[in-house]
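Protein chains in written order, with this note's numbering: chain A, 1 to 313; chain B, 1001 to 1433; chain C, 2001 to 2177.
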Amino acid sequence: MIGRHKHCIALEDFSREELLQVLDLAVSMKEVLRRPIKKVPSLRGKSVVNLFFEASTRTRSSFEIAAKVLSADALNWTSASSSVTKGETLIDTARNLEAMRPDVLVIRHSASGAPRLVAEHVGCSVVSAGDGAHEHPSQGLLDCFTVRERLGTLEGKTLAIVGDVSHSRVARSDLHAFPKLGARVRLCGPPTMMPAGVERMGCTVHHDLRGALEGADAVIMLRIQHERIGDPLIPTTREYSKLWGLNAKKAADWLKPGALVLHPGPINRGVELAPEVADGPFSVILDQVENGVAVRMAILYLLAGGEPAEAKA
Amino acid sequence: MSDVIVIEGGRVIDPASGTDGVRTVVLKDGTVAAVAERADRPAGAQVVDARGRWVTPGFIDLHVHLREPGQEYKETVATGARAAVAGGFTAVVAMPNTKPVNDTLAVTELILARAAAAGLARVYPCGAISRGSGGEELAEYGELKAGGCVALSDDGKPVMNAALMRRALEYALAFGLPLTVHEEDLQLVGKGVMHEGATSTRLGLKGIPGQAEDVMVLRDVALAELTGGRLHIAHLSSAGAVRAVREAKRRGLRVTAEVTPHHLTLTDEDVAASGYSTDFKMNPPLRSAADVAACIEGLADGTIDAIATDHAPHSLVEKDVEFDAAANGIVGLETAFPVCLALVRAGKLTERRLIEALTAGPARAFGLPGGRLAPGAPADVAVLDPQAAWRCEPAALYSKSHNSPWKGRTLTGRCTHAFVGGRLVHQADGEKR
Amino acid sequence: MNASDIGEAVRRLAREVADRARTAGAADSLAIVGIRRGGVHLAARLRAELTRLLGHEPPVGTLDIALYRDDLSARGAAPVVGPTDIRFPVQGTTILLVDDVLYTGRTVRAALDELVDFGRPRRVWLAVLVDRGGRELPIAADFAGATLAVADGQDVQVKLREEGAAEDAVVVTGRKP
Chain A
1 MIGRHKHCIA
11 LEDFSREELL
21 QVLDLAVSMK
31 EVLRRPIKKV
41 PSLRGKSVVN
51 LFFEASTRTR
61 SSFEIAAKVL
71 SADALNWTSA
81 SSSVTKGETL
91 IDTARNLEAM
101 RPDVLVIRHS
111 ASGAPRLVAE
121 HVGCSVVSAG
131 DGAHEHPSQG
141 LLDCFTVRER
151 LGTLEGKTLA
161 IVGDVSHSRV
171 ARSDLHAFPK
181 LGARVRLCGP
191 PTMMPAGVER
201 MGCTVHHDLR
211 GALEGADAVI
221 MLRIQHERIG
231 DPLIPTTREY
241 SKLWGLNAKK
251 AADWLKPGAL
261 VLHPGPINRG
271 VELAPEVADG
281 PFSVILDQVE
291 NGVAVRMAIL
301 YLLAGGEPAE
311 AKA
Chain B
1001 MSDVIVIEGG
1011 RVIDPASGTD
1021 GVRTVVLKDG
1031 TVAAVAERAD
1041 RPAGAQVVDA
1051 RGRWVTPGFI
1061 DLHVHLREPG
1071 QEYKETVATG
1081 ARAAVAGGFT
1091 AVVAMPNTKP
1101 VNDTLAVTEL
1111 ILARAAAAGL
1121 ARVYPCGAIS
1131 RGSGGEELAE
1141 YGELKAGGCV
1151 ALSDDGKPVM
1161 NAALMRRALE
1171 YALAFGLPLT
1181 VHEEDLQLVG
1191 KGVMHEGATS
1201 TRLGLKGIPG
1211 QAEDVMVLRD
1221 VALAELTGGR
1231 LHIAHLSSAG
1241 AVRAVREAKR
1251 RGLRVTAEVT
1261 PHHLTLTDED
1271 VAASGYSTDF
1281 KMNPPLRSAA
1291 DVAACIEGLA
1301 DGTIDAIATD
1311 HAPHSLVEKD
1321 VEFDAAANGI
1331 VGLETAFPVC
1341 LALVRAGKLT
1351 ERRLIEALTA
1361 GPARAFGLPG
1371 GRLAPGAPAD
1381 VAVLDPQAAW
1391 RCEPAALYSK
1401 SHNSPWKGRT
1411 LTGRCTHAFV
1421 GGRLVHQADG
1431 EKR
Chain C
2001 MNASDIGEAV
2011 RRLAREVADR
2021 ARTAGAADSL
2031 AIVGIRRGGV
2041 HLAARLRAEL
2051 TRLLGHEPPV
2061 GTLDIALYRD
2071 DLSARGAAPV
2081 VGPTDIRFPV
2091 QGTTILLVDD
2101 VLYTGRTVRA
2111 ALDELVDFGR
2121 PRRVWLAVLV
2131 DRGGRELPIA
2141 ADFAGATLAV
2151 ADGQDVQVKL
2161 REEGAAEDAV
2171 VVTGRKP
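Spelled out as structure tokens, the structure:
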């Protein structure tokens, strides 16, 4: 359990103490990853099933490694089908997998609310690896971990999130976590990418990149995807890049010394982030990857370590 | 069985005639024979003790989906008609988005035949505005009217083509048929699944702004003005749409409107509170508190003529899936009265206005018989117990489908008896009188 | 045991370890690892004493065994994990594992499993302040400050000044049946 939670589906549900429980444990987990033998027996005999309805090599691999370092068995199940296509429904798929008695089901789906729906129909713990534009809790946690580790604390720090917030589950998870840990959040991007009423989630909205970056302690750059037909939010990636992309010159001129640049990946090099910045001195993108494994280890340990939930009944 | 029914001791609320007080109602040979402070009990008459109850004209629902022909697993004309009378509705207007769409005499006659066989609520078919509701060619309104249709709609879809809408309003004039329209601009709606606002942002669901409804209402009000046609706005939900209808009426246009019980009582926040429950997903979506307040105000001041449930049965196959993938709609015939009564208890609506919006209002909007309890009127009567508490759960519902946001809740207010043409077609469980 | 008993025991333990290390030719390759949480401060005290006796400062580390417990599935919640900090090479080193109380032996078993995941030590010695018997595994202390005959229902706690106690003490609570 993470606090009172049997599932890790939304950081919106987590209290400050529960967030800290995961982050503090991740410190120890990261130490394990630095050992010569990266394996501890804690989740031996437990199994973690990755149920990914959206393609994602990096997040899935991260959860898989996390499970294996803890000596759990990891199984990957990828599917392109959702309840919309003629095939097995989400609930049926989850139930079928549950019959194989996993201890944790890690699920990624394009529909917001899908992990919650699965959690209502299975008995094991459910971890969301991202659902629609709703939340990506382990990403939010690893972002907090990365910034906290580098800056020492999140209290009083200012975080800027730049990009297509309207489609971003990462931004929403960050918006739920960072303020609870004492940080201020600024969102920045074209007005079309700022979703309705987002200020009510506890942040300020900026359309000017320079203003948003001024005095910021950390910046999270989000990936931009441009739909040319349907509902275009920007005219071209060229214009987006000019106004909201972060290149080496803007980074050098506008970021304060010691500021951190993060990105959930994969990066659209040259669009939202120039290669020199992604690989440059402000960047902690690779830390994020390592910290992601540690954070996911912490989540799996807390949910799967200890008595299996069914045994209680 | 006696042909005479005497309903005694109940508070008769009949806004059409201005009656509100304890009366005795006598039904004979299928019509209302008397509504008086005192009346003799003819020998052999069946007596209904309505003390502590309300006695009203049978409710008329201008908007239900009976799913037959084509989707009988969700509901049939018979089960829908049974659910209707259980909710106090003695007449319903059946929307044409069946499979096949009701754009022909054949489908209209099928629906009427099923309704006659069931012998419960009266079913008035609504024909399609365009062939197959494809939005391109006019359906044959003459044939539909002759077959028994009382209105026209492409419900489920908007008529995006303004020129077609114009011609539809004009052509329908020849047959005295109102058009009841589902208003949404499909481009503005996009892939939206709930009301656009802070809640949809938090839930990560694509939003539908209220203005997607407003732009179409404004367009069609303008077309109603151009053509002099009869326009009825189905399931109004946004404040902007209420304002547009109010203005249209002020200017004397032939525009009427209906609102659902859920758009008077639930908001987008309820979607969040339910944890993505698809029993809170419908089109138009549940909107903001300000929109709900505007709808209540619109109903109270007469801008909105009728309460109509938009009863939309769906099975688990359509609903027990992730929110994005779920079908739109909830059932509403059996919960409408208690849900709207809560507004009366909260002081937001008068009892008279509530009953008017369920009886005289809808009758007037579509030019239907019924909706009043005066001598000579059809003997369609509802006896209601405003205090009766009951639990809304599948076992208690007559509808085949149970997709309701009130599932599992205790509701207060129910129909204890319903009469259609003087025949008792519904008696609530536990009713002896 | 009272404060002066404990002080005397620590000094004696350090002498015994130093003697044994010299005899084994391991004085230069000795490292101390305290088992969290009871062994951490004792490890620091032993280190101070051994520095005096050996003439150089042996490295010291901390081991948290939560991730290696053998009773994870039987517990309600996953046990809280603390920091493990081993910064010296374990390979070929003589490790002095330190804990406050030796009881069932399971903590030491977990510590050994964790330790070898860092490398293969030359040898491992176990030093404890109190050996209270009650072993459930074949584990023995190489150096023990004191041996107490205590029943299963009783609890033995070591309180140290470093943790905020007024003075050092070994406290036994509960009754003998």
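Quick reminder that beta carbons are idealized off the backbone N, C-alpha and C, glycines included.
Between residue 1011 of chain B and residue 1051 of chain B, what straight-line distance do the alpha-carbon atoms span, to the nearest angstrom? The residue you call residue 1011 of chain B lines up with position 11 of the second sequence. The residue you call residue 1051 of chain B lines up with position 51 of the second sequence. About 8 Å.
Taking the continuous alpha helix (DSSP H) assigned at residue 1141 of chain B, which residues delimit it? By one-based count along the second sequence, residue 1141 of chain B stands at place 141. Note, residue 1141 of chain B: alpha helix (DSSP H), 1141-1147.
| task | Can you give me the start and stop residues for the alpha helix (DSSP H) that residue 314 of chain A sits inside? | result | With chain A covering 1 to 313 only, the question about residue 314 of chain A has no answer from this structure.
- residue 125 of chain A beta carbon less than 9 Å from that of residue 103 of chain A: By 1-based counting over the first sequence, the position of residue 103 of chain A is 103. By 1-based counting over the first sequence, the position of residue 125 of chain A is 125. Yes. Within cutoff.
The region 2017-2035 of chain C contacting the region 2091-2103 of chain C, beta-carbon criterion three pairs below 8 Å: yes
Problem set entry | Among B:1036, B:1297 and B:1304, the one whose alpha carbon lies nearest that of residue 1236 of chain B | Along the second sequence, read from residue 1 onward, the residue named residue 1236 of chain B stands at position 236. Considering only alpha carbons, the answer is B:1304.
Discussion item. In the DSSP assignment, the alpha helix (DSSP H) including residue 1067 of chain B goes from what residue to what residue?
Written reply: Here residue 1067 of chain B refers to the residue found at position 67 of the second sequence. Careful: residue 1067 of chain B lies outside any alpha helix (DSSP H) and carries neither H nor E.
For residue 1101 of chain B, the three-state DSSP class (helix, strand or coil): Here the question's residue 1101 of chain B lines up with position 101 in the second sequence. Residue state, collapsed to three classes: coil.
Helix, strand or coil for residue 1286 of chain B? Go by DSSP, reduced to three states. Locating residue 1286 of chain B in the second sequence gives position 286, where the first residue counts as 1. Residue 1286 of chain B falls in the coil class under three-state DSSP.
| message | Between which residues of its own chain and residue 1261 of chain B is the CB-CB distance below 8 Å, once the five residues before and five after are set aside? | response | As a working mapping, residue 1261 of chain B is identified with position 261 in the second sequence. So the qualifying residues of the chain are 1307, 1309, 1332, 1335, 1336, 1339 and 1340.
*asked:* Rounded to whole angstroms, what is the Cα-Cα separation between residue 1215 of chain B and residue 1189 of chain B?
replied: Start at 1 with the first residue of the second sequence, and residue 1215 of chain B comes out as number 215. Start at 1 with the first residue of the second sequence, and residue 1189 of chain B comes out as number 189. Their backbone Cα atoms lie some 11 Å apart in a straight line.
In three-state DSSP terms, what is residue 2124 of chain C?
-> Within the third sequence, the letter at position 124 stands for residue 2124 of chain C. Three-state result, residue 2124 of chain C: strand.
task: Would you mind sorting residue 4 of chain A into buried or exposed? The rule is 16 or more other CB atoms within 10 Å of its CB.
output: For the purposes of this step, residue 4 of chain A is taken as the residue at position 4 of the first sequence. The residue in question, residue 4 of chain A, is exposed, as its Cβ has fewer than 16 Cβ neighbours within 10 Å.
*asked:* Can you find the residues in the same chain that come closer than 6 Å, C-beta to C-beta, to residue 109 of chain A, ignoring five residues on each side of it along the sequence?
replied: If you number the first sequence from 1, residue 109 of chain A lands on position 109. Once the five neighbours on either side are set aside, the close Cβ partners of residue 109 of chain A are 53 and 131.
> How should residue 1029 of chain B be labelled, buried or exposed, when 16 other C-beta atoms within 10 angstroms of its C-beta is the threshold for buried?
Replying inline: Sequence index remark: in the second sequence, residue 1029 of chain B carries index 29 (1-based). Exposed is the call here.
Residue 127 of chain A versus A:270, A:9, A:305 and A:302, residue with shortest Cα-Cα distance: Position 127 of the first sequence holds residue 127 of chain A. Answer by Cα proximity: A:9.
Subject >> For residue 254 of chain A, three-class secondary structure by DSSP >> reply: On the first sequence, residue 254 of chain A is found 254 positions in, with the first residue counted as 1. Here residue 254 of chain A sits in helix by DSSP.
| Bounding residues of the beta strand (DSSP E) (the contiguous stretch that carries residue 1123 of chain B) | Locating residue 1123 of chain B in the second sequence gives position 123, where the first residue counts as 1. Unbroken beta strand (DSSP E) run through residue 1123 of chain B: 1122-1128.
CA nearest to the CA of residue 1015 of chain B, picked from B:1183, B:1124, B:1365 and B:1361: One-based indexing of the second sequence puts residue 1015 of chain B at position 15. When each option's Cα is compared against that of residue 1015 of chain B, the closest is B:1361.
### Query
From what residue to what residue does the beta strand (DSSP E) around residue 234 of chain A run?
As a working note, residue 234 of chain A is residue 234 in the first sequence. For residue 234 of chain A, there is no enclosing beta strand (DSSP E), as DSSP marks it with neither H nor E.
Exercise. Mark residue 139 of chain A as exposed unless 16 or more other C-beta atoms lie within 10 angstroms of its C-beta, in which case mark it buried.
Key: Within the first sequence, the letter at position 139 stands for residue 139 of chain A. Residue 139 of chain A comes out buried.
Margin query: Please classify residue 288 of chain A as buried or exposed, where buried requires at least 16 other C-beta atoms within 10 Å of its C-beta.
Written below: In the first sequence, the residue the question calls residue 288 of chain A occupies position 288. When all chains shown are included, residue 288 of chain A counts as buried.
- prompt: If you count every other CB in all the chains shown that lies within 10 Å of the CB of residue 1281 of chain B, and 16 or more means buried, which is it?
  reply: For the purposes of this step, residue 1281 of chain B is identified with residue 281 of the second sequence, where counting begins at 1. So residue 1281 of chain B counts as buried.
Interface residues of chain C facing residue 301 of chain A [CB-CB closer than 7 Å] | Walking along the first sequence from the start, residue 301 of chain A turns up at place 301. Within 7 Å Cβ-Cβ: 2078.
Should residue 1180 of chain B and residue 1153 of chain B be called a contact, given that it needs their Cβ atoms to be closer than 9 Å?
Stepping through the second sequence from its first residue, residue 1180 of chain B is reached at position 180. Stepping through the second sequence from its first residue, residue 1153 of chain B is reached at position 153. Result yes, Cβ atoms of residue 1180 of chain B and residue 1153 of chain B sit closer than 9 Å.
Give me the Cα-Cα distance between residue 1409 of chain B and residue 1266 of chain B, rounded to the nearest whole angstrom. By one-based count along the second sequence, residue 1409 of chain B stands at place 409. By one-based count along the second sequence, residue 1266 of chain B stands at place 266. Approximately 14 Å, taken between the alpha carbons.
At what residues does the beta strand (DSSP E) containing residue 1021 of chain B begin and finish?
For the purposes of this step, residue 1021 of chain B is taken as residue 21 along the second sequence, with counting starting at 1. Counting along the chain, the beta strand (DSSP E) containing residue 1021 of chain B begins and ends at 1019-1028.
| query | Between the C-alpha atoms of residue 1424 of chain B and residue 1089 of chain B, what's the straight-line distance to the nearest angstrom? | reply | As a first step, residue 1424 of chain B must be located in the second sequence, where it is residue number 424. As a first step, residue 1089 of chain B must be located in the second sequence, where it is residue number 89. Rounded to the nearest angstrom, the two C-alpha atoms are 13 Å apart.
Problem - Whole-number beta carbon distance between residue 1278 of chain B and residue 1323 of chain B, since they are thought to touch under 8 Å - result: Counting from one through the second sequence, the residue named residue 1323 of chain B turns up at place 323. Counting from one through the second sequence, the residue named residue 1278 of chain B turns up at place 278. Contact holds; Cβ gap of about 6 Å.
* **Distance between residue 1100 of chain B and residue 270 of chain A (C-alpha atoms, nearest Å)** => Here the question's residue 270 of chain A lines up with position 270 in the first sequence. Here the question's residue 1100 of chain B lines up with position 100 in the second sequence. Straight-line Cα distance between these residues: approximately 53 Å.
Check: What does residue 105 of chain A reach in chain C if we use C-beta pairs closer than 7 Å?
Finding: The sequence position of residue 105 of chain A within the first sequence is 105, counting from 1. Those do not exist, as residue 105 of chain A stays about 18 Å from chain C at its closest Cβ, beyond 7 Å.
TODO: Could you work out which residue in B:1118, B:1300 and B:1213 is closest to residue 1350 of chain B when comparing CA atoms only?
DONE: Locating residue 1350 of chain B in the second sequence gives position 350, counting from the first residue. For residue 1350 of chain B, the nearest C-alpha among the options comes from B:1300.
Original post:
Is residue 1222 of chain B near the ligand ZN, with its Cβ less than 8 Å from a heavy atom?
Top reply: No copy of the ligand ZN occurs in the structure displayed, which carries no ligand at all.
Measuring straight from C-alpha to C-alpha, what distance separates residue 1376 of chain B and residue 1034 of chain B? Residue numbering aside, residue 1376 of chain B sits at position 376 when the second sequence is read from its first letter. Residue numbering aside, residue 1034 of chain B sits at position 34 when the second sequence is read from its first letter. Straight-line Cα distance between these residues: approximately 8 Å.
- [ ] Evaluate contact between the region 41-57 of chain A and the region 2056-2073 of chain C, counting only Cβ atoms and requiring at least three cross-stretch pairs below 8 Å.
- [x] yes
With three or more beta-carbon pairs closer than 8 Å as the criterion, would you say the region 184-198 of chain A touches the region 25-32 of chain A? The region 184-198 of chain A vs the region 25-32 of chain A: no contact.
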